[in-house]
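Going by my numbering, the letters in the sequence shown line up with residues 28 to 528, in that order. A virtual CB, placed ideally from N, CA and C, is assigned to each residue, including glycine.
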Amino acid sequence: MSFKIAFIGAGSIGFTRGLLRDLLAVPEFKNIEVAFTDINSQNLDMVTRLCQRDIDENGLDIKIQATLNRREALRNARYIFSVVRIGGLEAFQHDVDIPLKYGIDQCVGDTLCAGGIMYGQRGIPEMLNICRDIREMAEKDALLLNYANPMAMLTWACNTYGGVRTIGLCHGVQGGHRQIAEAFGLKKEEVDIICAGINHQTWYISIKHEGEDLTGKLLEAFENHPEFSKTEKVRIDMLRRFGYYSTESNGHLSEYVPWYRKRPEEINEWIDLGTWINGETGGYLRVCTEGRNWFETDFPNWLKEPAIECKQENRGEEHGSYIIEGLETGRVYRGHFNVMNNGVISNLPDDAVIEAPGYVDRNGISMPHVGNLPLGPAAVCNVSITVQRLAVEAAIKGDDFLLRQAMMMDPLVGAVCNPKEIWQLVDEMLVAQEQWLPQYTEAIAGAKERLASGNLIPTKDYKGAARLKVKSVEEMAQNKEASRKNAGESDKAIERPSAVH
């Protein structure tokens with residue numbers, strides 16, 4: 028069995044190496060073609076050397092095609108993984124730091140809120156360029172498997188405007204599934220779930236163990252859990268008030284809704300600093316920065332470590348390899364996928380990207396009809412979908428009027444800022460990110476004039492309610508195992524330290 032898989036943004040060590048390991052664990056995939064492409068030659072070289080070493084030591088006769096030429100990497104590809112971060116950590120820094128001046132305190136800022144909206148403005152034009160190259164260079168009907176955030180916005184743009192069949196993939200459902208099982212004292216494989224909603228706001232609407240419905244017992248289980256009761260306060264409060272548990276982490280969920288991060292003096296009541304994902308200000312930016320710095324410094328040692336064994340027992344939980352295995356071999360796989368709704372969830376808009384259970388086999392990817400979400404969770408999702416729709420259209424058209432409306436409609440931005448502040452915030456973010464926003468040339472010129480006029484609303488020198496310092500390489504060297512794990516994992520919170528009490 029031979030076909031070609033291309034990785035765009037292959038310099039992302041966490042995703043690329045893990046996804047390749049998963050693919051090569053499939054017995055039939057020992058002769059596939061693999062292409063890596065990235066805009067950063069140093070990262071591309073390091074990841075290629077590491078992955079080629081893994082391939083060679085597993086006794087496989089595969090030679091990675093590594094190239095800075097994306098179109099060459101895509102030539103005749105049947106499957107494409109996108110793990111890009113448009114603007115890199117430099118732009119990500121702006122996504123976190125500029126909103127803080129206006130009191131908007133984000134834990135992550137890559138999906139919704141001010142940071143996620145701007146991330147979409149950078150990502151969507153480039154994803155459309157990627158789609159053009161796929162249409163022109165890849166196999167007919169090639170499948171784009173998108174791991175890049177903002178997941179829903181990018182997947183929406185690729186399907187609606189890019190002309191490429193695109194599935195969005197995320198590990199959020201698996202993470203919450205593990206937590207739910209632990210809360211009940213069960214193994215994950217013993218708990219059956221149905222999860223539906225939108226990416227990072229997907230709801231466990233059915234939880235069963237040996238046929239018994241446990242959905243109504245989950246709140247008590249979480250409230251009584253010695254760890255989760257302290258680390259997942261936002262998620263537990265949402266469960267208490269909406270009746271269902273949400274997939275996304277405590278810190279992420281807190282920035283998607285208007286209630287938990289709008290008053291600086293209250294933020295620490297809802298978060299925990301045992302690990303970044305429970306609510307630390309700019310937490311994901313910090314761990315990504317530390318991971319990059321550690322990988323670049325420690326890379327020579329990675330090549331001395333034993334290679335990853337591409338065996339079934341070492342396979343991760345990312346959906347990508349299982350989807351390709353199902354399509355190519357016919358083995359049935361059930362996962363949760365991000366697709367255009369088209370009636371799968373009855374009370375969410377058809378044009379939105381939803382996340383819901385799906386099945387894969389040789390016939391393709393099938394999405395069963397979920398029906399209506401409970402009214403409360405549907406209302407939460409619909410607010411976010413409105414923001415996503417405005418942000419996608421703004422990015423496609425380079426329309427800063429729609430961009431400003433997306434910011435106004437965003438739950439946390441709207442809870443913290445008034446309209447004049449939002450207008451100035453958008454001006455600042457457009458100007459700071461000019462090099463990644465080619466569609467906004469005219470709007471940026473106007474924003475520069477307004478910012479230079481001197482008639483500005485005063486902003487704050489605010490570092491956030493819970494900002495931690497980025498560790499130096501020397502500090503990270505004190506715990507090399509943790510530093511290497513952070514640099515090498517796609518899910519940078521799969522193992523969470525104990526809560527800070």
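Report the start-end ranges of each alpha helix (DSSP H) in the segment 168-206 that is 4 residues or longer and not cut off at the edges.
For the segment 168-206, whole alpha helix (DSSP H) runs of length 4 or above, ordered along the chain, are 178-188.
Asn506 by DSSP, collapsed to three states: which one?
The sequence position of residue 506 within the sequence shown is 479, counting from 1. Three-state DSSP puts Asn506 in a helix.
Taking the alpha-carbon positions, what's the Asn103 to Cys185 distance?
Mapped onto the sequence shown, residue 103 falls at position 76. Mapped onto the sequence shown, residue 185 falls at position 158. Those two C-alpha atoms are separated by around 19 Å.
Taking only the alpha-carbon atoms, compute the straight-line gap between Glu163 and Arg80 and give it to the nearest angstrom.
By 1-based counting over the sequence shown, the position of residue 163 is 136. By 1-based counting over the sequence shown, the position of residue 80 is 53. Whole-angstrom Cα-Cα distance: 32 Å.
Can at least three beta-carbon pairs, one atom from the segment 206-222 and one from the segment 240-258, be found at a separation below 8 Å?
yes
Using 8 Å for Cβ pairs, my map puts Asn513 next to Gly318. What's the rounded Cβ distance?
As a first step, residue 513 must be located in the sequence shown, where it is residue number 486. As a first step, residue 318 must be located in the sequence shown, where it is residue number 291. The pair is a contact, with the Cβ atoms about 5 Å apart (cut-off 8 Å).
Expressed to the nearest angstrom, what Euclidean distance is found between the alpha-carbon atoms of Ala459 and His121?
Here residue 459 refers to the residue found at position 432 of the sequence shown. Here residue 121 refers to the residue found at position 94 of the sequence shown. Their Cα atoms are separated by approximately 7 Å.
Pick out the complete alpha helix (DSSP H) segments inside the segment 223-271, 4 residues or longer, and give them in chain order.
245-250, 255-258, 260-269
Under a Cβ-count criterion, where at least 16 other Cβ atoms within 10 Å of its own Cβ denotes burial, should Thr468 be classed as buried or exposed?
Here residue 468 refers to the residue found at position 441 of the sequence shown. That one is exposed.
With a threshold of 16 other CB atoms inside 10 Å of the CB of Ser281, please say whether the residue is buried or exposed.
Numbered from its first residue, the sequence shown carries residue 281 at position 254. Looking at its Cβ environment, which holds 16 or more other Cβ atoms inside 10 Å, Ser281 is buried.
Could you check the C-alpha separation between Tyr272 and Gly515 for me, to the nearest Å?
Within the sequence shown, the letter at position 245 stands for residue 272. Within the sequence shown, the letter at position 488 stands for residue 515. Straight-line Cα distance between these residues: approximately 29 Å.
Based on the DSSP output, what are the partners of His363 in its beta bridges?
For the purposes of this step, residue 363 is taken as residue 336 along the sequence shown, with counting starting at 1. Its beta-bridge partners are Pro384.
For the beta strand (DSSP E) holding Val61, just list the boundary residues, first then last.
As a first step, residue 61 must be located in the sequence shown, where it is residue number 34. Start and end: 60-64.
My output table needs one value for Tyr106: the three-state DSSP class, helix, strand or coil.
Taking the sequence shown and counting its residues from 1, the one referred to as residue 106 is at position 79. Here Tyr106 sits in strand by DSSP.
Under the three-state reduction of DSSP, which class applies to Gln462: helix, strand or coil?
Position 435 of the sequence shown, counted from the first residue, corresponds to residue 462. Three-state result, Gln462: helix.
Measuring straight from C-alpha to C-alpha, what distance separates Asn409 and Ala223?
Taking the sequence shown and counting its residues from 1, the one referred to as residue 409 is at position 382. Taking the sequence shown and counting its residues from 1, the one referred to as residue 223 is at position 196. Cα to Cα, the separation comes out at about 13 Å.
Could you pull the start and end residues of the beta strand (DSSP E) that Gln92 belongs to?
Walking along the sequence shown from the start, residue 92 turns up at place 65. Counted as a single uninterrupted DSSP element, the beta strand (DSSP E) harbouring Gln92 occupies residues 92-94.
For the segment 96-114 and the segment 441-455, state whether three or more C-beta atom pairs, one from each stretch, are separated by less than 8 Å.
no
Relative to the alpha-carbon of Phe567, which residue among Glu352, Asp124, Ile372 has its alpha-carbon at the smallest distance?
Within the shown structure, residues of the chain are numbered from 28 to 528, placing residue 567 beyond reach of any answer.
Less than 7 Å between the beta carbons of Gly529 and Ala418, yes or no?
Any question about residue 529 goes unanswered here, given that the chain covers just 28 to 528.
For Lys57, which of helix, strand or coil comes out of DSSP?
Stepping through the sequence shown from its first residue, residue 57 is reached at position 30. Lys57 falls in the coil class under three-state DSSP.
Which first and last residues belong to the alpha helix (DSSP H) in which Lys475 is found?
On the sequence shown, residue 475 is found 448 positions in, with the first residue counted as 1. Taken as a continuous stretch (DSSP letters only), the alpha helix (DSSP H) holding Lys475 covers 468-479.
Only counting the same chain, and skipping five residues up and downstream in sequence, which positions put a Cβ closer than 7 Å to that of Thr356?
Mapped onto the sequence shown, residue 356 falls at position 329. Same-chain partners within the cutoff: Glu55.
Using the three-state DSSP reduction, which class does Arg494 fall into: helix, strand or coil?
Against the sequence shown, residue 494 aligns to sequence position 467. Correct three-state label for Arg494: strand.
To the nearest angstrom, how far is it from the Cα of Thr43 to the Cα of Gly195?
Position 16 of the sequence shown, counted from the first residue, corresponds to residue 43. Position 168 of the sequence shown, counted from the first residue, corresponds to residue 195. In a straight line, the C-alpha of Thr43 is about 16 Å away from that of Gly195.
If you drop the 5 nearest sequence neighbours on each side, which residues of the same chain put their C-beta closer than 7 Å to that of Ala433?
As a first step, residue 433 must be located in the sequence shown, where it is residue number 406. If we look at Ala433 and ignore the five residues flanking it on each side, its Cβ neighbours are Ile144, Val414, Leu417, Ala418, Ala421.
Among Met503, Leu46, Thr64, which residue has its Cα nearest to the Cα of Asn320?
For the purposes of this step, residue 320 is identified with residue 293 of the sequence shown, where counting begins at 1. For the residues Met503, Leu46, Thr64, the minimum Cα distance to Asn320 belongs to Met503.
Which residues does DSSP list as the beta-bridge partners of Ser393?
Your numbering for residue 393 matches position 366 in the sequence shown. Answer is Tyr386.
When we look at the beta-carbon of Ile220 and count the other beta-carbons within 10 Å, is it buried (16 or more) or exposed?
In the sequence shown, counting from the first residue as 1, residue 220 sits at position 193. Under this definition Ile220 is a buried residue.
Rank Glu382, Val407, Pro401, Leu77 by C-alpha distance to the C-alpha of Pro395 and give the top, closest one.
Here residue 395 corresponds to residue number 368 of the sequence shown, with the count starting at 1. Ranking Glu382, Val407, Pro401, Leu77 by Cα distance to Pro395 puts Glu382 first.
Which ranges would you report for the beta strand (DSSP E) in the segment 291-372 if only whole runs of at least 3 residues count?
You should have 360-367.
Around the Cβ of Asp65, are there at least 16 other Cβ atoms within 10 angstroms (buried) or fewer (exposed)?
One-based indexing of the sequence shown puts residue 65 at position 38. It counts as buried.
So, does the segment 472-479 touch the segment 285-292, judging by three or more C-beta pairs under 8 Å?
The way I'd put it, the segment 472-479 doesn't touch the segment 285-292; fewer than three beta-carbon pairs between them come closer than 8 Å.
Could you compute how far the alpha carbon of His252 sits from the alpha carbon of Cys197?
As a position in the sequence shown, residue 252 is number 225, starting the count at 1. As a position in the sequence shown, residue 197 is number 170, starting the count at 1. Spanning the two alpha carbons is a distance of roughly 26 Å.
Mind checking which residues open and close the alpha helix (DSSP H) that includes Lys424?
Counted from its first residue, the sequence shown places residue 424 at position 397. 402-424 is the span of the alpha helix (DSSP H), which, as asked, contains Lys424.
Spatial neighbours of Arg48 within its chain, please: CB distance less than 6 Å, with the 5 preceding and 5 following residues excluded, ordered by chain position.
Within the sequence shown, residue 48 is the residue found at index 21, counting from 1. Result list for Arg48: Ile335, Cys337, in chain order.
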